[in-house]
Structure formats: structure tokens, C-alpha cells
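Quick mapping for you: the protein sequence lines, in order, are chains A and B.
Take the first sequence: its letter number 104 is residue 115 in my numbering, and every next letter is one higher.
Take the second sequence: its letter number 146 is residue 157 in my numbering, and every next letter is one higher.
Number of protein chains: 2
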Amino acid sequence: MNGYVSDAVVRRLPGYYRHLRELEENGVVQISSQELGERMSLTPSQIRQDINCFGGFGRQGYGYPVHELKEHIGEILGLNRKHRMAIIGAGRIGNAVSRYPSFRREGFETVAMFDSDPALMTEEDDGIGIYDISRLEELLPEMDISIAVLAVPATAAQKTADRLYACGVRAIWNFAPVDLQHPADMEVVNVHMSDTLHILSYRMAHPDADRK
Amino acid sequence: MNGYVSDAVVRRLPGYYRHLRELEENGVVQISSQELGERMSLTPSQIRQDINCFGGFGRQGYGYPVHELKEHIGEILGLNRKHRMAIIGAGRIGNAVSRYPSFRREGFETVAMFDSDPALMTEEDDGIGIYDISRLEELLPEMDISIAVLAVPATAAQKTADRLYACGVRAIWNFAPVDLQHPADMEVVNVHMSDTLHILSYRMAHPDADRK
Numbered sequence: 012m013n014g015y016v017s018d019a020v021v022r023r024l025p026g027y028y029r030h031l032r033e034l035e036e037n038g039v040v041q042i043s044s045q046e047l048g049e050r051m052s053l054t055p056s057q058i059r060q061d062i063n064c065f066g067g068f069g070r071q072g073y074g075y076p077v078h079e080l081k082e083h084i085g086e087i088l089g090l091n092r093k094h095r096m097a098i099i100g101a102g103r104i105g106n107a108v109s110r111y112p113s114f115r116r117e118g119f120e121t122v123a124m125f126d127s128d129p130a131l132m133t134e135e136d137d138g139i140g141i142y143d144i145s146r147l148e149e150l151l152p153e154m155d156i157s158i159a160v161l162a163v164p165a166t167a168a169q170k171t172a173d174r175l176y177a178c179g180v181r182a183i184w185n186f187a188p189v190d191l192q193h194p195a196d197m198e199v200v201n202v203h204m205s206d207t208l209h210i211l212s213y214r215m216a217h218p219d220a221d222r223k
Numbered sequence: 012m013n014g015y016v017s018d019a020v021v022r023r024l025p026g027y028y029r030h031l032r033e034l035e036e037n038g039v040v041q042i043s044s045q046e047l048g049e050r051m052s053l054t055p056s057q058i059r060q061d062i063n064c065f066g067g068f069g070r071q072g073y074g075y076p077v078h079e080l081k082e083h084i085g086e087i088l089g090l091n092r093k094h095r096m097a098i099i100g101a102g103r104i105g106n107a108v109s110r111y112p113s114f115r116r117e118g119f120e121t122v123a124m125f126d127s128d129p130a131l132m133t134e135e136d137d138g139i140g141i142y143d144i145s146r147l148e149e150l151l152p153e154m155d156i157s158i159a160v161l162a163v164p165a166t167a168a169q170k171t172a173d174r175l176y177a178c179g180v181r182a183i184w185n186f187a188p189v190d191l192q193h194p195a196d197m198e199v200v201n202v203h204m205s206d207t208l209h210i211l212s213y214r215m216a217h218p219d220a221d222r223k
């Protein structure tokens, strides 16, 4: 990358990756900033600015090479790495995540689940063991986990995050509706399920709003 | 609102609503564009620009009134309306959505689920009936549904969306990893589960990246 990438650009990267992957799957080889902008609801100049950040893809008049750009953005996103994930909380959300088909393909492998409910302990789900959360400190350090998926109730989230940090976990994908306090050397990204529902609600309330 | 609100601002509205609600719950009465910007990873001038779009809240030097701004953004988002939702697909994601505690509080009420798996038909889950998807055309029109949550496998998504449209549904919250084709008078908002995971992956790959 050409140095500094703003957080706003970073937030758009997964969308670029997704659209470019779809284009590639549909056999598209080149795409203009105009066409990509229309797909992504961004202006062509915004697209050009963003892609200039990544370096080496600005070929005015020729469009961008879809495969190369997708691969490059995938690398920037770290998708060329492998990640071993543990899911904390084997309820509905935890189970939905463990089965999501694309994660494994992208290098995110769920290797274990933990839960406090003894009724779940005997399950072996697609070969993924479900362990008692009381064994977290005993088992997790041996598992070489790089990402913990936090899918516990809100009331248990902070305490569980603290335990994960103590076990050496430095990245949490947080589904609990809580802003976690955490040391600077732990990354936390929150999933806000309701945000897209609110966007839908907005569009229903403003059916004639322009889309730009 | 003061006329046109860009799609970029609309995409930020749920974040404003979420942060303002948290501030209100924490007893904060006023907040400056500087402080709100720090919470939301936006510049103070971006915050002022956005809030100017909504009209009537630009009080330089005094900060914004948290409760009033939250209520106003909630109205813009249509959260003052009630929505009856049907969940199509009673698997893990469908069930996770049906139990998500905040939706009902915000006026989104799940009234029925549909699935093609006969094993699920006898379940009554929190009083929410699960019906055979073959009965969609018979039952849905009577249910006064305004939003369908689409949580079926990718291969069934387009056909199910077409059936929902034929039943009069004009808004889909889509969890299937598919870009749906739909008439202009149907709103579709897609949930991309992996986007936030990719952001986490980015941060792990660039631990020293600035946050702006």
C-alpha cells in the first residue's frame, strides 16, 4: 500500500473484495470505476481515490483488472493468512457462525466451541468439540487460536473477554451487544446485527429517497 | 430533514442511533462533535456536516442534545413505526434473528417462521408458529407482514424472494449470500456476515495502522 489508509477506506475494503469476487465468478476480467461505482453505490472518483491508496491499479481508460485487484485487496485484508477460531457461546449465533460456509474457504477455521451449558457438552458438531467454559484456561492456550468469536449473553461478555485476553487471545469478533473494554494490544470488532435492519427501515420510511 | 440525504449519510445513521442510545443510557445529556467523532471514528467536521443534514441541531459551542438527536434520528430511520416480520428459513440464522432481544423493543416483531423441513413444523418457539413453506401463499397475505427475513440457503433465495413479492412483501432483510434480482418497488438490504470478520483480519495484519 502507498502508506496511510484511512479507517473509512478500510471499512469499504470488504465491500470491494465481495464485489470483485462476484465479478470474477461471473467471468468479468476488467471493470471501470464507473461500473464498479454503480455496483457499490460510490462515485467513480471515490472508487479511483480508494484504489489509488492500494497502489499500482490506476490505469485511466483501461479499467481495473478484476482478478489482480481482488487478490491484492484480499492480501491487504490479510485473507492470505490462516486463522484458527474458537467460538465462545454455543447458542444460536455461535452455531450459525460455526456453519457459515464461506469462512473456512477464506482461511477462518473454527476449531472449538465453549459453553457454560452442560447439555451441550456431549455434542460433537461437524467434528468441532464443544467444551465447558470452565476449561477455557486449561484448553485454549494449547489450541493456537488467533480469533475468538464472542457469542455469549451481554452480561457475561466483559468477563469472558478478560479471560480470553488472559489466555493469550488478541482478537475478538464480538456478537454480544456490549462495547468491550480491552487493552490496546487486543483487537475487537463488533457486529451490530440491527444496523442493516435500520437501513431497511429507513428505506421503507423514505421510498422516494434518491440512492447515491 | 433538509432535503437530500446521501446514501453515505444513511449508512452512518444506524451508528449515530446506536452511539446516541448508549450515551443516553449512560446519562450523557449533551455531546460535542469532537467527542461524538472520537466515539464514532469520524472527524468533528464530518459529524457537523451529517447532523446539519437532519436540520435544527447545529448549535456551535453548545454540543448536541443527546436525547433529542437520538429521537430525531430514530424517526428518520422509521423506528417510530411498527413492523411485523416473517422469518423464512428456521435454521440457525433464522432462529438467532427470532430471539434477538432488541428487535422487538425497536418495533420489529417476528410473528411467524416458515421452513421446508417438516421436522421443524411442530415446534412452537416463544409462541412463534413455524409453518411449512408450501403454505406461504395461503398464510402470508393474512399476516400483515411488512418485512421478510430471508434466511434460506443461497440456492433457494431468488425463488423465495419472487414468491414473497407475489405475496405482497415489499421489504427483504436478506441473510442469503446472494444478490437478489427484484422489482424497483421492493427494498432489499443484504447482511454480509463476513465484512466485519474481514475488518478484524485487516487489523490483525496491520497492527500498527493508524485509526482515523
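Idealized CB from N, CA, C, for every residue including glycine.
Since the structure is predicted, the reported quantities are computational estimates derived from the model, not experimental observations.
Simplified DSSP assignment, three categories, for residue i
| i | result |
| --- | --- |
| A:Ile-183 | strand |
| B:Pro-112 | helix |
| B:Val-200 | strand |
| A:Pro-76 | strand |
| B:Gln-192 | coil |
| A:Arg-50 | helix |
| A:Asp-143 | strand |
| B:Arg-92 | coil |
| B:Ala-97 | strand |
C-beta contact flag for residue i and residue j at 9 Å
| i | j | result |
| --- | --- | --- |
| A:His-78 | A:Phe-68 | no |
| B:Ala-182 | B:Met-197 | yes |
| A:Met-154 | A:Ile-141 | no |
| A:Phe-114 | A:Val-108 | yes |
| A:Ala-187 | A:Ala-162 | yes |
| B:Gly-100 | B:Asn-91 | no |
| B:Leu-150 | B:Leu-175 | no |
| A:Ile-144 | A:Ser-127 | yes |
| A:Ile-87 | A:Val-200 | no |
| B:Leu-47 | B:Lys-81 | no |
| B:Val-180 | B:Ala-165 | no |
Host beta strand (DSSP E) of residue i (start-end)
| i | result |
| --- | --- |
| A:Phe-119 | 119-126 |
Closer than 9 Å to chain B by CB, residue i
| i | result |
| --- | --- |
| A:Arg-115 | no |
| A:Phe-119 | yes |
| A:Pro-188 | yes |
| A:Ala-101 | no |
| A:His-217 | yes |
| A:Met-204 | yes |
| A:Tyr-28 | yes |
| A:Asn-201 | yes |
| A:Tyr-213 | yes |
Any C-beta of chain A under 9 Å from that of residue i
| i | result |
| --- | --- |
| B:Ile-98 | no |
| B:Ala-182 | yes |
| B:Lys-223 | Model confidence at B:Lys-223 stands at a pLDDT of 45, short of 50, so the residue's coordinates are unreliable; what they give is reported in the following sentence. Judged by the 9 Å Cβ criterion, B:Lys-223 is in contact with chain A. |
| B:Asp-196 | yes |
| B:Ile-104 | yes |
| B:Ala-123 | no |
| B:His-94 | yes |
| B:Asn-13 | Legend: pLDDT at B:Asn-13 = 45, less than 50; position of this residue unreliable, value from coordinates given subsequently. By this cut-off, B:Asn-13 is not an interface position. |
Boundaries of the alpha helix (DSSP H) in which residue i is found, first to last residue
| i | result |
| --- | --- |
| A:Gly-26 | 18-36 |
| A:Leu-211 | 205-216 |
| B:Pro-129 | Looking at the DSSP string, B:Pro-129 is not in any alpha helix (DSSP H), and its letter there is neither H nor E. |
| B:Glu-61 | The question names Glu, but residue 61 of chain B in the sequence shown is Asp. 55-65 is the extent of the alpha helix (DSSP H) around B:Asp-61. |
Proximity test, Cβ basis, 9 Å: residue i and chain C
| i | result |
| --- | --- |
| A:Glu-35 | In the structure shown, chain C cannot be found, because the protein chains are A and B. |
*At what residue ranges does the segment 149-183 of chain A contain a whole run of the beta strand (DSSP E), taking only runs of 3 or more?*
158-161
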